[in-house]
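*Asks:*
Numbering (my numbering), first residue to last: 1 to 94.
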């Protein structure tokens, strides 16, 4: 019964509006149809939530990768400047 309650009241912030509308429409079906369609809808909602979580994790990982690459590019440029400065000083002392 609690599983059906989950199907009948999905959180709108976790699933697309179309699926939430579908859940509302299914809630209005007779009990025998709800018993057949409810578990399928539950799987669809669960997989949608899982995909959204995965997409969010991938987006976060890409954002972190972009930031790391910026830091690495900055560090590389600083290292090159330091190398060039040491090279210039070495050539001046010779």
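Note that CB positions come from ideal geometry on N, CA and C, so glycine has one too.
A quick note: this is a predicted structure, and the numbers were derived from the prediction, not measured.
Spatial neighbours of residue 91 within its chain, please: CB distance less than 8 angstroms, with the 5 preceding and 5 following residues excluded, ordered by chain position.
*Replies:* none
*Asks:* Between residue 15 and residue 85, what straight-line distance do the alpha-carbon atoms span, to the nearest angstrom?
*Replies:* 56 angstroms
*Asks:* How would you write the range of the alpha helix (DSSP H) that residue 59 sits in, first residue to last?
*Replies:* Where residue 59 is concerned, the enclosing alpha helix (DSSP H) stretches over 31-93.
*Asks:* Anyone know if the C-beta pair for residue 34 and residue 22 falls short of 9 angstroms?
*Replies:* no
*Asks:* Taking the Cβ atom as the reference point for each residue, do residue 38 and residue 19 lie within a distance shorter than 9 angstroms?
*Replies:* no
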